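Numbering (our numbering), first residue to last: 1488 to 1592.
To start, the structure under review is shown below, and the notes come after it.
Take a look at the structure:
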């Protein structure tokens, strides 16, 4: 026999769960901002996928023509560019982008 778990009442904090505020104007503003964030996220995902596919094509073309699997100077250029623009987080982002394009080493 399965034990039943009694539902506990949810304690209200006086804030809207979806936005974190009970102030209607602020909640509406937050929802609008989140809508734009979601649009940007969709664009980032699409661009990420396009970039990875292009990078994989570069790698296949390079290997098929007798070249090396990696071009470390190019990877360093990308890392430097992202670090210069975004700081330490840029380096981490660049590493993820490089990995998506070439796969793990």
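Here a beta-carbon is modelled for each residue, glycine too, at the ideal position from N, C-alpha and C.
Small disclaimer: the values here were computed from a predicted structure and weren't measured.
With the cut-off set at 7 Å, would you say residue i and residue j are in Cβ contact?
i	j	result
residue 1539	residue 1572	no
residue 1557	residue 1581	no
residue 1589	residue 1554	no
residue 1570	residue 1578	yes
residue 1517	residue 1506	yes
residue 1585	residue 1562	yes
Mind checking which residues open and close the alpha helix (DSSP H) that includes residue i?
i	result
residue 1590	Where residue 1590 is concerned, there is no enclosing alpha helix (DSSP H), given that its DSSP letter is neither H nor E.
residue 1557	Premise fails: residue 1557 is in no alpha helix (DSSP H) and is neither H nor E.
In chain order, which continuous runs of the alpha helix (DSSP H) of length 4 or greater are located wholly inside the region 1505-1554? 1511-1551
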